[in-house]
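Some notes on the structure that comes next.
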Amino acid sequence: MPQGQPSVVPDDGLTTRQRRNRPLVFVHTGIGKGKSTAAFGLALRAWNQGWPVGVFQFVKSAKWKVGEENALKVLGASGEGGTVAWHKMGEGWSWIQRAPAEGEQSNEDKAREGWEQVKRDLAAETHKLYVLDEFAYPLHWGWIDTDEVIEVLRGRPGTQHVVITGRNAPQKLIDFADLVTDMSKVKHPMDAGQKGQRGIEW
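Each number in the working numbering comes from the position in the sequence shown (counting from 1) with 91 added on.
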């Protein structure tokens, strides 16, 4: 397998091993398909390495059944690799007791509570990989402060990797991240009137 060689070796005082193993922040943004798919592929690699994985799905409805959710939950419970914790904002988050319908939180409040839990988990080093799926949206909409997110991620302890997906990732986050992929759309079946299908979209 080809081994990538960095084009620049910074004068940062780190050994090659230290630099290689430093925790990373990934951003998958852009209008093309595949942002979450790529993040869940990364989660599979993390699971295989025995890493605890935490998935936090912002925005998506609880009714939207993501195929990767079932697969990763089964793998996480198998005892073969790492553990997998999966949380959905659409379900009101797993750690919040459900309020009566008239007392339901707004989506903005739910997004903030999800971020508060991510902060608690980062402080406790609960996971080694965090997938913050569609998290770029609450940042873009101003529900969660981008500066605060960057500050928390910059100060996170240990070797915790974080991948953030979603369109319209704020420029500040893009500038801060270690790896940024912009998914551009060249063609999509929906352009020809074809709706999403089982096994491809979910």
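Virtual Cβ for every residue (Gly too), placed ideally from N, Cα, C.
Looking at C-alpha atoms only, which residue of the options is the closest neighbour of residue i?
i, options, result
"arginine 136", "Asp103, Glu171 and Thr106", "Glu171"
"phenylalanine 244", "Pro229, Gly173 and Asp269", "The sequence given here places leucine at residue 244; phenylalanine does not occur at that position. Checked all of Pro229, Gly173 and Asp269; the closest Cα to leucine 244 is Asp269."
"lysine 278", "Arg111, Gly125, Pro97 and Leu105", "Gly125"
"isoleucine 241", "Tyr228, Ala215 and Ile265", "Ile265"
"threonine 117", "Glu292, Val254 and Phe131", "Checking the displayed sequence, the identity of residue 117 turns out to be phenylalanine instead of threonine. Checked all of Glu292, Val254 and Phe131; the closest Cα to phenylalanine 117 is Val254."
"alanine 227", "Gly290, Trp206 and Arg289", "Trp206"
"serine 197", "Gln262, Asp238, Asp102 and Val150", "Val150"
"leucine 230", "Ala202, Gly249, Arg211 and Thr250", "Ala202"
Quick check: the Cα distance between residue i and residue j, rounded to an integer number of angstroms?
i, j, result
"valine 222", "glycine 284", "31 angstroms"
"glycine 121", "alanine 260", "8 angstroms"
"leucine 213", "methionine 281", "38 angstroms"
"threonine 107", "glycine 233", "38 angstroms"
"valine 209", "glycine 181", "16 angstroms"
"valine 157", "lysine 164", "11 angstroms"
"valine 99", "leucine 105", "14 angstroms"
"histidine 218", "aspartate 103", "27 angstroms"
Considering residue i, what are the terminal residues of the alpha helix (DSSP H) in which it resides?
i, result
"aspartate 103", "That residue, aspartate 103, is in no alpha helix (DSSP H); it is neither H nor E in DSSP."
"isoleucine 255", "First-last for isoleucine 255: 252–256, but that is the beta strand (DSSP E), not the alpha helix (DSSP H)."
Could you please give the first and the last residue of the uninterrupted beta strand (DSSP E) stretch that includes residue i?
i, result
"lysine 179", "175–179"
Enumerate in chain order the residues of its own chain whose CB-to-CB distance from residue i is below 7 angstroms, with the five nearest sequence positions on each side excluded.
i, result
"aspartate 273", "Thr120 and Gly121"
Beta strand (DSSP E) segments (min. 3 residues) lying fully within the stretch 188–236: For the stretch 188–236, whole beta strand (DSSP E) runs of length 3 or above, ordered along the chain, are 220–224.
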